[in-house]
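Report on the following structure.
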Amino acid sequence: MKDFSEIKEQVKAKIAEVKNGAQLSEFWQSYLGKTGVISGLMKEMKSVPPEEKPLFGKAVNEVREWAQGLYSEKQAEIKRIELEQRYERESVDVTMPALKRKPGNLHPLTLVKQQMIEVFAGMGFEIAEYPEIEDDDHNFTRLNVLKDHPSRDMQDTFWLTEDLLLRTHTSPGQIRTMDREKPPIKVLIPGKVFRSDSDATHSPMFMQMEGLVVDKGITLCDLQGMLDQFVRQIFGDGAKTRLRPSYFPFTEPSVEVDVSCFECGGKGCSLCKGTGWIEVLGGGVVNKKVLENCGIDPEVYSGLAFGIGIERITMLKYGITNMGMFFANDMDFLEQFKA
Ligand code: DAH
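Numbering (our numbering), first residue to last: 811 to 1149.
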């Protein structure tokens, strides 16, 4: 009877060396696989005398089962170790400091736009928004901008078709409001406007805020009173306004509004170019023709209107000299405007 103790010693030594799945399957192939050492023992059956064959076969089977037992134990052990290693690898260190996330802040134009809205909302204005694509009628004709007016020039207006255009100002919102509502009207119309113009102080897209008040007995004094209030809240208590005569087709009389220079207090500096005053907006008494164009009787009602450039107010408020900074997405610039 053959003694398998040598093979068993070998198997014990080998299995003890197995440390991972790859080595384990190597072990299987060497001993338990079809070409392995234990399977090889069966081939020796030929040379065993017939009466001993059953015993021999039983003994080989016992060795096989014993080796399989060792294999299964090792397999379970490796599984457990690999799982532990995986837990170790994938564990989260809850005491580790978190990545710092900087809170964002509003764009300076959004910030100033909101401040402006707050000021006028405080005076009882409602907010309205209208389409950025307009037609000739609303953008020009009904605002009394006649066919040969220079602001219709191809250089200024982005025409989309013969009749449609990107609005060049928020003033068409006046017409749209008066078409929709009857006086008393007190509306503020913020929005993007477009002109074919680009340099340090002009951008092809910029923002305006239009104001319109229509009621009985509205005069230029009401305009000045509201704008006084506006500039004091935006530029500080010391800020004063001054009206200068001007011309717009949709207002009569028309004014340009200056604010006393908040940098030098009116003495004259580089910001106000030595004049002590800075131009901030245009406005006036709504032209009777415009009221008529909207079916409002100018003998009963009168109105005031104004248009403010939001970029311009923001540049003045923060001392920004290049309009391009608003659109450059420069984080160092943008992060300075915490509310
Ligand atoms: N729409 C004018 C512009 O874009 C600004 C303006 C001036 C608006 C006078 C008004 C106004 O409502 O009364 O230049």
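Heads up, the beta-carbon is just placed ideally off N, CA and C, and yes, glycines get one too.
Minimum Cβ-Cβ distance from residue i to chain C less than 9 Å
i: L1033; result: Of the protein chains in this structure there is only one, and it is not chain C.
Residue i versus residue j: straight-line alpha-carbon distance, rounded
i: N915; j: N1103; result: 43 Å
i: L956; j: R962; result: 9 Å
i: T905; j: K912; result: 21 Å
i: K1050; j: W1087; result: 9 Å
i: F1060; j: P1108; result: 14 Å
i: K868; j: I888; result: 30 Å
i: L975; j: P1055; result: 30 Å
i: Q1039; j: R952; result: 30 Å
i: N1139; j: V1003; result: 20 Å
i: Y881; j: L909; result: 47 Å
i: K753; j: T1029; result: In the structure as shown, the chain starts at 811 and stops at 1149, and residue 753 therefore has no counterpart that could be examined.
i: L1053; j: Q1034; result: 8 Å
i: P1000; j: F1016; result: 11 Å
i: D946; j: S1006; result: 16 Å
i: E1020; j: A938; result: 10 Å
i: V847; j: Q839; result: 9 Å
i: S849; j: V873; result: 10 Å
Contacts around residue i, its chain only, beta-carbon distance under 6 Å, and the 5 residues preceding and following it disregarded
i: Q1043; result: V929
i: W876; result: none
i: Y1057; result: S1064
Beta-carbon spacing of residue i, residue j below 9 Å
i: K996; j: M933; result: yes
i: Q984; j: V1096; result: yes
i: E1066; j: L998; result: no
i: V1023; j: G1092; result: no
i: K1148; j: V922; result: no
i: V870; j: L851; result: yes
i: V1069; j: V1100; result: no
i: F814; j: K884; result: no
i: G1046; j: F1072; result: yes
Contacts around residue i, its chain only, beta-carbon distance under 8 Å, and the 5 residues preceding and following it disregarded
i: F1136; result: H917, P918, L919, S1013, E1121, T1124 and I1130
i: A1010; result: T1131, N1132, M1133 and G1134
i: D1032; result: V1023 and L1114
Proximal residues to residue i (C-beta, below 7 Å), its chain only, five neighbours per side dropped
i: R986; result: Y940 and H948
i: S1160; result: Residue 1160 lies beyond the residue range present for the chain, which begins at 811 and ends at 1149; the question has no answer from this structure.
i: I1106; result: M988, P993 and V1024
i: T1085; result: G1078
heavy atom of the ligand HEM below 8 Å from residue i C-beta
i: Q1018; result: As presented, the structure is devoid of the ligand HEM, carrying the ligand DAH as its sole ligands.
*Is there contact here, the region 898-911 with the region 834-845, by at least three beta-carbon pairs under 8 Å?*
no
*Which runs of the beta strand (DSSP E), 3 residues or longer, sit entirely within the region 1108-1148?*
The beta strand (DSSP E) runs lying completely inside the region 1108-1148 and spanning 3 residues or more are 1112-1119, given in chain order.
*Touch check for the region 883-896 and the region 826-834: three-plus C-beta pairs under 8 Å?*
Enough Cβ pairs lie closer than 8 Å, so yes.
*asked:* Check whether the region 971-985 and the region 1110-1117 are in contact - that is, three or more C-beta pairs closer than 8 Å.
replied: The region 971-985 makes contact with the region 1110-1117, as at least three CB pairs between them are under 8 Å.
*Only counting runs of 3 or more residues, tell me where the beta strand (DSSP E) segments fall wholly within the region 890-930, in order along the chain.*
Here no run is fully enclosed.
*asked:* Just to confirm the assignment: which complete alpha helix (DSSP H) runs, minimum length 4, are found wholly within the region 977-1023?
replied: 982-990
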